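Below is one structure, written out as structure tokens; the observations come after it.
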Amino acid sequence: MAYSDKVIHHYNNTRIVGAIPKEDPNVGTGLVGAPECGDVMKLQIKVNEQSGVIEDAKFKTFGCGSAIASSSLATEWVKGKTLAEALTIKNTDIVKELSLPPVKIHCSVLAEDAIKAAISDWKKKH
Amino acid sequence: MVKLPIYMDNHATTPLDPRVLETMLPYFTDRFGNAASRNHKFGWEAEEAVEQGRKQVAALIGADPREIVFTSGATESDNLAVKGAAWMYREKGDHIITCVTEHKAILDTCKHLEKDGFRVTFLPVDNKGFVDLDDLRNAITDKTILISIMTANNEVGVIQDIKSIGKLARERGVLFHTDAVQAVGKIPFNVNEMNVDIASVSAHKFYGPKGVGALYVRRRNPRVLLTPIIDGGGHERGMRSGTLNVPSIVGFGKAAEIARESLSQESAEMFRLREKLRKTLERELDELYINGDLEKRLPGNLNMSFAYVEGESLLMGINDIAVSSGSACTSASLEPSYVLKALGVGEDLAHTSIRFGIGRFNTDEEVDYVAGRVIEVVRRLRELSPLYEMAKEGIDLKSVHWATEA
């Protein structure tokens, strides 16, 4: 399968890969997918309690190139957004930005789920 | 410096040997005759070339040239073997035995026959990839007309005990077909020593051209008859009608001749390179799993799971190397490899599998380069893998409750 330039770019430039201490009360961690399905994404956000802005975000992904790119893009996008803004990110936006083919749409769905899971984890702590 | 990209997917196909191409060329131009033209020089020349090819292919597998039926390739050979035997002997019985790790050309043909009213037993394999002889013995009934078990598997390279399976089939008076496509030209294969009645062979798996194959059909003890699946002019003893593909048959023959002459030496060289690759990877990376038995395996095959690294993403990182993966993402069906599944490899590990297929033209430098790139990319992707991180933290991934929607 041929990948779009943007997918390749994200695959090769994973600057926002990593982990933030998940015990930090201001950190929300979302872990979605399953090893048996071939995709697992972990997306973490660090939220400023006063402003409600996501100050930092990191991800780690087990999955194909499109899954890595989708989570990388989602992580990039949530950074600097408020929680409410981050929740408006739709998987279709990711599909469009990365020119994902139909068989890879589930990667974008998983990335959207990862954002929601991270936010809900943060909310649970507050 | 090695030339990129590197081709290391020799189970899918092999490059045409230049010596093979050279023998084929005149048959595209001056010697273009139809081998079935019986009354002029063009026809005689073509027929002679075909008969030479037939002798060369027969010699490679220890057969009589009259037992070789030329086809368009392995898929047609498998179809002709299984459907041809089923329809020819349907008065005698309606039961066929095969195994779950066969190529789709056998599995789908058997499923087709099930719809036509035949009964098919799909034998399981153990976690090394082998069919159990007792399972096979117990599956045979007085209605069994055919056993079809492949010699070497196309994904994991595991070599079945064909000689014993053939012996058992003969004792029970059941015909034995083997899809020998991956084995012929790579390991010693002799239809008489191995008690084989019907065997599928393909040229492009051992440096011959695509679009040509053969079916070995035993003439004596027992004499095998097959109902043709293509009707027409009655070529190939009536078993496969259609004008013969003369240039490809010439190339097929030459490829068989080269394979026969170089087999033992080449096989040792493939094994040396394969082991070098395996040992280098195992020295530098942890949590690697070999899929299928390591001993009874094609010398050029290495099928390995790189835990916590999804196969397609690994292929993407080593895009200057041609190999293949059992990951779902790389298959048309979006299911991970059914062969690995049959071996009991978990879906998590099946997603991380890579098949390396070393061939005649691979070099030490290429193996070194491939090993280096794989090590580099696996390390990078493990840094990126939440599963690797969790495993290193001591979390048992099997105990995690994964939020799967599907």
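So the sequences go chain by chain: A and B.
Using our numbering, read the first sequence as starting at 49 and increasing by one per residue.
Using our numbering, read the second sequence as starting at 5 and increasing by one per residue.
The C-beta atom is built at its ideal place from N, Cα and C for all residues, glycine as well.
Note that the structure is a prediction, hence the values are computed from the model and not measured.
Interface partners of residue i on chain B, CB under 7 Å
i: valine 88/A; result: Pro390 and Leu391
i: glycine 111/A; result: Glu314 and Ser317
i: alanine 105/A; result: Those within 7 Å of alanine 105/A in chain B number zero; the least Cβ separation is about 14 Å.
Those residues which DSSP pairs with residue i across a bridge
i: threonine 140/A; result: Note: threonine 140/A sits in no beta bridge, so no partner.
i: cysteine 103/B; result: Leu127/B
i: histidine 15/B; result: Bridge partners of histidine 15/B: none, in fact.
i: arginine 301/B; result: Val162/B
i: valine 65/A; result: Phe107/A
i: threonine 148/B; result: His99/B
i: asparagine 307/B; result: Arg359/B
i: alanine 39/B; result: Paired residues: none, contrary to the question.
i: serine 328/B; result: Arg359/B
i: aspartate 81/A; result: Note that residue 81/A is glycine in the sequence shown, not aspartate. For glycine 81/A, which the question treats as bridged, DSSP gives the partners Val88/A.
i: alanine 50/A; result: Looking at the DSSP assignment, alanine 50/A forms no beta bridge with any residue, so it has no partner.
i: alanine 187/B; result: Bridge partners of alanine 187/B: none, in fact.
i: glutamate 143/B; result: First, the residue type needs correcting, since residue 143/B is alanine and not glutamate in the sequence shown. Alanine 143/B is not bridged to any residue.
i: threonine 130/A; result: Val101/A
i: isoleucine 10/B; result: Ile325/B
i: alanine 375/B; result: Answer by DSSP bridge pairing: none, since alanine 375/B is not bridged.
i: alanine 156/B; result: Ile163/B
For residue j and residue i, believed in contact at Cβ under 8 Å, the rounded distance
i: lysine 190/B; j: proline 69/B; result: With a Cβ gap of about 22 Å, lysine 190/B and proline 69/B do not count as contacting.
i: serine 309/B; j: leucine 319/B; result: About 14 Å separates the two Cβ atoms, so there is no contact after all.
i: isoleucine 4/B; j: leucine 179/B; result: Residue 4/B lies beyond the range of chain B shown here (5 to 410); nothing can be said about it.
i: serine 118/A; j: cysteine 85/A; result: Serine 118/A to cysteine 85/A, Cβ: 14 Å. No contact.
i: alanine 122/A; j: isoleucine 142/A; result: 6 Å
i: aspartate 183/B; j: aspartate 82/B; result: 6 Å
i: aspartate 104/A; j: lysine 127/A; result: 7 Å
i: glycine 78/A; j: lysine 90/A; result: 7 Å
i: arginine 167/B; j: valine 185/B; result: Per the sequence shown, residue 167/B should be read as lysine rather than arginine. Incorrect: roughly 18 Å between the Cβ atoms, too far for contact.
i: methionine 394/B; j: threonine 231/B; result: Their Cβ separation, rounded to whole angstroms, is 57 Å, which puts methionine 394/B and threonine 231/B out of contact at 8 Å.
i: aspartate 98/B; j: lysine 147/B; result: 6 Å
i: isoleucine 100/B; j: isoleucine 169/B; result: Contact doesn't hold; Cβ gap of about 14 Å is too wide.
Span of the alpha helix (DSSP H), counted from its first residue to its last, around residue i
i: asparagine 74/A; result: Segment: none, asparagine 74/A is in no alpha helix (DSSP H) and carries neither H nor E.
i: glutamate 80/B; result: 78-92
i: isoleucine 167/A; result: 153-172
i: glutamine 123/A; result: The sequence given here places threonine at residue 123/A; glutamine does not occur at that position. It spans 113-126 - the alpha helix (DSSP H) in which threonine 123/A sits, taken as one unbroken run.
i: glutamine 92/A; result: First-last for glutamine 92/A: 87-95, but that is the beta strand (DSSP E), not the alpha helix (DSSP H).
i: alanine 203/B; result: That residue, alanine 203/B, is in no alpha helix (DSSP H); its beta strand (DSSP E) goes 202-206.
i: proline 390/B; result: 390-396
i: isoleucine 110/B; result: 108-119
i: tryptophan 406/B; result: First-last for tryptophan 406/B: undefined, no H or E at that position.
i: arginine 176/B; result: Counting along the chain, arginine 176/B falls outside any alpha helix (DSSP H), and DSSP gives it neither H nor E.
i: tyrosine 342/B; result: 342-346
i: leucine 25/B; result: 22-28
i: valine 313/B; result: Here valine 313/B belongs to no alpha helix (DSSP H), and DSSP marks it neither H nor E.
i: phenylalanine 46/B; result: 45-65
Residue i: contacting residues in chain A (beta-carbon distance under 7 Å)
i: serine 357/B; result: Within 7 Å Cβ-Cβ: nothing; serine 357/B doesn't reach chain A, min ~11 Å.
i: leucine 111/B; result: Under the 7 Å cutoff, chain A gives no residues; its nearest Cβ is about 23 Å from leucine 111/B.
i: leucine 401/B; result: Pro83
Host beta strand (DSSP E) of residue i (start-end)
i: threonine 4/B; result: Missing from the structure shown is residue 4/B; chain B here goes from 5 to 410 and no further.
i: tyrosine 220/B; result: 217-221
i: phenylalanine 256/B; result: Note, phenylalanine 256/B: premise wrong, no beta strand (DSSP E); alpha helix (DSSP H) at 250-288.
i: tyrosine 293/B; result: 292-294
i: histidine 181/B; result: 179-183
i: threonine 75/B; result: 72-75
Contacts of residue i in chain B (Cβ-Cβ under 9 Å)
i: alanine 159/A; result: Per Cβ cutoff of 9 Å: no residues; alanine 159/A is ~13 Å from chain B at best.
i: lysine 108/A; result: Glu387, Leu388, Ser389, Pro390, Leu391, Tyr392 and Glu393
Any non-hydrogen atom of the ligand HEM closer than 7 Å to residue i Cβ
i: arginine 176/B; result: This structure simply doesn't include the ligand HEM, nor any ligand for that matter.
Interface residues of chain A facing residue i [CB-CB closer than 8 Å]
i: serine 331/B; result: Gly86 and Cys112
Legend entry - Members of the segment 295-329 of chain B near chain A, C-beta cut-off 7 Å: The residues in question are Tyr312, Glu314, Glu316, Ser317 and Met320.
Legend entry - Interfacial residues, the segment 57-71 of chain A to chain B, with Cβ spacing under 7 Å: Against chain B - using a Cβ distance shorter than 7 Å - the residues of the segment 57-71 of chain A are Tyr59, Thr62, Val65 and Ala67.
Legend entry - Interfacial residues, the segment 116-136 of chain A to chain B, with Cβ spacing under 8 Å: So the list reads Ile116, given in the order they occur along the chain.
Inset, instruction - Could you name the residues of the segment 345-371 of chain B whose beta carbon sits closer than 8 Å to any beta carbon of chain A, in the order they occur along the chain? - result: Within the segment 345-371 of chain B, the qualifying residues are Gly350, Glu351, Asp352 and His355.
Inset, instruction - Could you list the residues in the segment 216-236 of chain B with a C-beta less than 9 Å from some C-beta on chain A, going in chain order? - result: Residues of the segment 216-236 of chain B whose Cβ lies closer than 9 Å to any Cβ of chain A: none.
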